[in-house]
Amino acid sequence: MGRVTRSRRTTLIVPPFEILLPTGRLGIFGDAGPNRFPLPAADGFLPVFCNMLPIQKISRLLFACALIVLFAIDLEHQILPNVITVPGIVIGFLFSWFAPPGPWMSLAGIALGGGLLWGIAEVWFRLRKVEAMGFGDVKMLAMIGAFLGVKLVVLTFVLSSMIGGLVGATLLATRRADMATKVPFGTMLAFAALVASLYGEPILTWYFANL
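Throughout the sequence shown, residue numbering follows this note's numbering, covering 14 to 224 in sequence.
Next comes the structure, spelled out in structure tokens:
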């Protein structure tokens, strides 16, 4: 597709880490300020991080840094720079040779992540002649697939869609937006990907155990 959407979007404040904390909170709306992007607390992050392999720790730290930057840029400017997402795909695949998810699952995650959003956007454009999302979202989900593999890229997509639906419903209910309003989906992908990277396996285990 490669189409660039320049339309104005509603700005949402979703601190990407607070929901991960045992005593944290999820603030969907808020004012601009120095605490817009808080860092994770040690009691919520370190137990999961310390159980990872050394090479996986490096991989997930780089991944988290990329997600934080993409979250902030998309929230403020509604763009997801190629200078982060495209090298991120390559770096995620390279790390997969030495750490989970493995090279084949990483390749499958790239194809599924990028292909899923591209397919949805292309179908929506052909049916409605309206762009559902920018191509940056496609490359970002491909990057997430490179680092996390098939299972967790699907979980990321589901979580981000749920967050988007909740945010959209809230905006409509409070009359702060209409059906034509666009939101920075990259921020939701970043948030969901961070949750999946830390707690994805326990979430999937719980889900399938309760089917």
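We put the beta carbon where it would ideally sit given N, CA and C, even for glycine. Fair warning: this is a prediction, and the values are worked out from it, not measured in the lab.
### Task
Flag this pair as touching only if the segment 146-155 and the segment 98-106 have three or more C-beta atom pairs under 8 Å; answer yes or no.
yes
### Query
Do we get a CB-CB distance below 9 Å when we pair residue 215 with the residues of chain C?
Among the protein chains of the structure shown there is no chain C, as only one such chain exists.
### Query
Using the beta-carbon count (16 or more within 10 Å), is residue 93 buried or exposed?
buried
### Query
What residues in its chain sit with their C-beta under 7 Å from that of residue 65, if we drop five residues either side in the sequence?
So the qualifying residues of the chain are 73.
### Query
Whole-angstrom Cβ separation of residue 169 and residue 211, contact assumed at under 8 Å?
Between the beta-carbon of residue 169 and that of residue 211 there is about 12 Å, and that puts the pair past the 8 Å contact cut.
### Query
Going by the beta-carbon positions, is the gap between residue 161 and residue 209 smaller than 9 Å?
Cβ atoms of residue 161 and residue 209: closer than 9 Å.
### Query
Would you call the CB atoms of residue 173 and residue 204 closer than 9 Å?
A contact, by the Cβ cut-off of 9 Å.
### Query
For the alpha helix (DSSP H) that residue 108 lies in, which residues bound it at each end?
Note, residue 108: alpha helix (DSSP H), 95-108.
### Message
I need the DSSP call for residue 5, collapsed to helix, strand or coil.
### Response
Shown here, the chain extends from 14 to 224; a query on residue 5 therefore has no answer.
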